[in-house]
Structure formats: structure tokens, C-alpha cells
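**Student:** Residue numbers (the working numbering): 33 to 368.
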């Protein structure tokens with residue numbers, strides 16, 4: 033049964049609307065977690081002895097058509113065998129629906145619940161070459177099948193992602209970094225946008241957005257998906273993996289293992305030309321500058337960005353260093 037605390041988060045009305053729409057027993061519904069923003073809540077429920085996730089987004093910024101477009105892509109990927117949450121349609125065959133309560137709009141969707149463990153850089157079983165390889169392979173399959181994806185009839189198209197929007201106006205306080213960022217962005221904006229290089233991407237492939245299930249990696253949390261370069265999806269994943277997990281508490285360095293085995297896994301199912309491989313570090317540097325512009329320590333998550341640290345990060349960006357003391361092997365960004 034849902035506890036009193038959980039009842040305070042999902043009203044009887046919304047629970048009833050979801051249970052009626054998806055055909056499940058409301059007594060099986062339990063709270064899982066909030067999203068990064070508190071307006072997103074995740075629940076689990078059972079239907080036909082199978083576990084599902086119920087997602088409720090309150091006061092969404094986009095249209096219900098954008099949520100349906102996300103679900104349409106996920107359904108396509110799941111049907112192709114990519115290990116992503118498979119959307120559950122409502123009893124009326126809808127990929128998502130909206131409900132109104134007290135003047136508040138809520139978008140409700142549901143999908144299969146994925147099994148697996150969260151990454152842990154201090155656990156060798158959960159952060160190793162095999163994990164990096166299988167993560168890359170799963171992302172490679174996602175991109176490979178997406179090349180042939182077209183939205184269903186009458187379906188909205190997901191938005192295009194502006195790489196420029198990643199960088200806060202705060203960057204103007206650092207003229208040399210701002211100039212480097214502008215040069216990188218100008219180069220990116222000249223890149224081709226053909227079927228093999230540009231399409232729907234996850235757009236938030238940090239290590240917290242996958243689950244480890246033996247040799248399988250399940251990708252989750254697709255609500256930020258947009259159109260952009262596949263190389264950006266890779267660069268974003270690699271930079272965030274290095275930022276968060278390039279070394280453990282014992283001092284083991286995973287830098288080149290992460291890059292090498294992620295790319296090996298990716299290329300095993302979705303080959304890339306040397307041209308596009310060479311662009312991945314470009315996107316990685318943009319990710320670093322974006323974090324810096326937001327006031328984060330773009331090398332050590334959780335650190336307070338003191339004045340001295342800030343100066344060090346500016347110097348590292350000026351010298352085109354991805355991560356200080358992190359000897360990334362750039363030869364890995366070429367086909368062998």
C-alpha cells in the first residue's frame with residue numbers, strides 16, 4: 033500500500049487517472065524517486081505480474097506531443113532490441129496522456145521497469161572495462177538504429193538541441209575562455225548534419241543514466257532527448273564519465289580505459305569515420321566549458337570553486353586540457 037507520505041505526493045485523482053488509463057491496481061503503486069527537478073515524480077506499479085514505471089511531470093515546459101514523441105522513439109528502439117525502457121500504451125492506445133488538477137497540468141507516461149545496478153567507481157564489479165565496453169555498445173546500437181528512425185504518423189518531432197545553449201552568459205566574465213568557447217561553437221556549427229552523423233540523441237548520458245545488468249547496460253531517463261550530432265552524445269558521455277569517475281578512492285586511474293573501451297564497444301556495432309571520431313574531443317571540451325560557465329568545478333564534482341581553483345580551470349581551458357593530470361590518449365579517437 034502507498035504510505036501517507038507518498039499519498040501526499042500523488043493525489044487520489046492522479047493515481048486513479050493513471051490506474052484507469054493503464055489498467056493496473058492502484059494498490060500496487062509505490063513511490064520510487066523524484067527527478068532532478070521536483071516536478072518529475074517516478075512510481076512503480078505491477079500489471080499482469082510485470083513491473084512498470086509511472087512518470088508524472090507537473091507543469092511541463094513542453095507539449096504533450098513532445099512526451100509522445102519521446103515515447104515513440106523509445107518504442108522504436110525497444111522493438112529493435114536496444115535495452116531501453118519500453119513504453120506501455122494506455123488502454124486507448126496512447127503513448128502518454130495529460131491530466132488537469134487544481135489548474136495544474138500533468139503529463140503521465142509509463143514504461144517497463146529496467147533491472148540492474150547503479151555504477152560505483154569504488155566497486156570493481158560496477159566500474160570496469162566490461163562496463164565501459166557494454167555501455168559504448170549500447171549507445172552505438174541506439175545511434176545505429178536511430179539513423180533509420182522517422183516519427184510516427186501525426187507525431188511531433190523532438191526539438192533540436194542548441195550546443196550554444198549549454199554555455200551560460202556568465203562566461204562573459206572570462207574573456208579568454210569566452211573566445212575559446214566561441215571558436216569551438218563556430219567550428220561545431222559548420223559540421224555536417226547528414227543521416228549518419230545527426231539524429232535523435234539521448235542528450236544526458238552520464239553514468240547515473242544507465243543500469244548494469246550483467247553484460248547488459250540499460251539506458252534510462254530519455255526525457256531530455258533532442259536532435260543533435262551523435263558525436264556530441266558520445267563526447268558528453270565520455271566527459272561526464274571522466275568528470276565523475278576517472279579515478280576511485282584508491283587512486284586507480286580509469287581515464288584511458290573509459291575512452292578506449294567505450295569506443296571499442298561503440299565501434300563494434302556502429303563504425304565511425306576518423307573525421308567524426310576526431311570531433312569527439314571538441315564536444316568534450318565544450319562540455320567542460322559549459323560546466324565552468326555554470327559555476328561548477330569542471331574537473332572535480334562537488335568541489336567549491338574558489339578563486340584559486342577558478343584560475344586553475346581557466347588556465348586548463350586556455351591550454352586545451354580536458355582534465356588536469358588526466359593524460360588522455362588522443363590516439364584513441366582514431367580507427368585502428
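Virtual Cβ for every residue (Gly too), placed ideally from N, Cα, C.
Which value, in whole angstroms, describes the spacing of the CA atoms of residue 252 and residue 49?
**Tutor:** Taking the first residue of the chain shown as position 1, residue 252 is located at position 220. Taking the first residue of the chain shown as position 1, residue 49 is located at position 17. Each residue's Cα considered, the two are about 24 angstroms apart.
**Student:** So, is residue 39 buried or exposed, given that buried needs 16 or more other C-beta atoms within 10 angstroms?
**Tutor:** The residue given as residue 39 occupies position 7 in the chain shown. Its pLDDT being 46, under 50, residue 39 is placed unreliably by the model, and the measurement read from it follows with that caveat. It is exposed - the Cβ of residue 39 has fewer than 16 other Cβ atoms within 10 Å.
**Student:** By a C-beta neighbour count over all protein chains shown, 10 Å radius and 16 as the cutoff for buried, is residue 307 buried or exposed?
**Tutor:** Reading the chain shown from its first residue, position 275 is the one you call residue 307. Only exposed fits residue 307, as fewer than 16 other CB atoms lie within 10 angstroms of its CB.
**Student:** Apart from the five residues just before and just after residue 225, which ones in its own chain have a Cβ nearer than 8 angstroms to its Cβ?
**Tutor:** The sequence position of residue 225 within the chain shown is 193, counting from 1. Counting only Cβ-Cβ distances below 8 angstroms, and skipping sequence neighbours, we find 261.
**Student:** In angstroms, rounded to a whole number, what distance separates the CA positions of residue 170 and residue 336?
**Tutor:** Along the chain shown, read from residue 1 onward, the residue named residue 170 stands at position 138. Along the chain shown, read from residue 1 onward, the residue named residue 336 stands at position 304. The straight-line gap from Cα to Cα measures roughly 34 angstroms.
**Student:** Excluding sequence positions up to five away, which residues of its chain have a Cβ less than 6 angstroms from the Cβ of residue 45?
**Tutor:** Mapped onto the chain shown, residue 45 falls at position 13. Same-chain partners within the cutoff: 133.
**Student:** Helix, strand or coil for residue 279? Go by DSSP, reduced to three states.
**Tutor:** Translated into positions along the chain shown, residue 279 becomes position 247. Reduced to three states, the DSSP call for residue 279 is strand.
**Student:** At the level of alpha carbons, what is the spacing between residue 144 and residue 51?
**Tutor:** Numbered from 1 along the chain shown, position 112 holds the residue referred to as residue 144. Numbered from 1 along the chain shown, position 19 holds the residue referred to as residue 51. Distance between the alpha carbons of residue 144 and residue 51: 15 angstroms.
**Student:** Please go through the stretch 104 to 146 and give each complete beta strand (DSSP E) segment of 3 or more residues, from N-terminal end onward.
**Tutor:** 129 to 133 and 136 to 144
**Student:** Mind checking residue 182: buried by the 16 CB within 10 Å criterion, or exposed?
**Tutor:** For the purposes of this step, residue 182 is identified with residue 150 of the chain shown, where counting begins at 1. Taking a 10 Å sphere around the C-beta of residue 182, we find fewer than 16 other C-beta atoms and assign the residue as exposed.
**Student:** Taking the beta carbon of residue 287 as the centre, do at least 16 other beta carbons fall within 10 Å, making it buried, or is it exposed?
**Tutor:** The residue given as residue 287 occupies position 255 in the chain shown. Residue 287 should be labelled buried.
**Student:** Just to check my reading of the structure: residue 168 and residue 296 have Cβ atoms closer than 8 angstroms, yes? What is that Cβ distance to the nearest angstrom?
**Tutor:** Counting from one through the chain shown, the residue named residue 168 turns up at place 136. Counting from one through the chain shown, the residue named residue 296 turns up at place 264. Right, the Cβ-Cβ distance comes to about 7 angstroms (below 8 angstroms), so this counts as a contact.
**Student:** Less than 7 angstroms between C-beta atoms, sequence neighbours within five positions excluded: which residues of the same chain meet that for residue 26?
**Tutor:** This structure cannot speak to residue 26, because the chain is shown only from 33 to 368.
**Student:** Cα-Cα, which of 220, 93, 148 and 203 is closest to residue 194?
**Tutor:** Here residue 194 is taken as the residue at index 162 of the chain shown, counted from 1. Nearest option by C-alpha distance: 220.
**Student:** Please go through the stretch 205 to 254 and give each complete alpha helix (DSSP H) segment of 4 or more residues, from N-terminal end onward.
**Tutor:** 207 to 220
**Student:** Can you grab the Cα-Cα spacing for the pair residue 311 / residue 206, in whole Å?
**Tutor:** As a first step, residue 311 must be located in the chain shown, where it is residue number 279. As a first step, residue 206 must be located in the chain shown, where it is residue number 174. Roughly 25 angstroms separates the two Cα atoms.
**Student:** Check whether the Cβ atoms of residue 42 and residue 61 sit closer than 9 angstroms, and answer yes or no.
**Tutor:** As a position in the chain shown, residue 42 is number 10, starting the count at 1. As a position in the chain shown, residue 61 is number 29, starting the count at 1. Cβ atoms of residue 42 and residue 61: closer than 9 angstroms.
**Student:** What residue range does the alpha helix (DSSP H) around residue 54 cover?
**Tutor:** The count along the chain shown starts at 1 and reaches residue 54 at position 22. Looking at the DSSP string, the run of the alpha helix (DSSP H) that includes residue 54 is 44 to 54.
**Student:** Which same chain residues, not among the five before or five after residue 97, have their C-beta less than 8 angstroms away from its C-beta?
**Tutor:** Along the chain shown, read from residue 1 onward, the residue named residue 97 stands at position 65. Closer than 8 angstroms at Cβ, skipping near neighbours: 187 and 188.
**Student:** From the DSSP output, which residues share a beta bridge with residue 73?
**Tutor:** Sequence index remark: in the chain shown, residue 73 carries index 41 (1-based). By DSSP's assignment, residue 73 forms a beta bridge with 66 and 88.
**Student:** Do residue 321 and residue 140 count as a contact pair if the criterion is CB distance below 9 angstroms?
**Tutor:** For the purposes of this step, residue 140 is taken as the residue at position 108 of the chain shown. For the purposes of this step, residue 321 is taken as the residue at position 289 of the chain shown. The answer is no: Cβ separation not under 9 angstroms.
**Student:** Any contact of the stretch 231 to 249 with the stretch 262 to 273, i.e. 3+ C-beta pairs under 8 angstroms?
**Tutor:** Per the Cβ contact rule, the stretch 231 to 249 is in contact with the stretch 262 to 273 (3 or more Cβ pairs under 8 angstroms).
**Student:** Smallest Cα separation from residue 18: which of 152, 358 and 92?
**Tutor:** Residue 18 is absent from the structure shown; the chain starts at 33 and stops at 368.
**Student:** Excluding the five sequence neighbours on either side, which residues of its own chain have a C-beta within less than 7 angstroms of the C-beta of residue 228, listed in chain order?
**Tutor:** By one-based count along the chain shown, residue 228 stands at place 196. Excluding residues within five positions, the ones whose Cβ falls inside 7 angstroms are 179.
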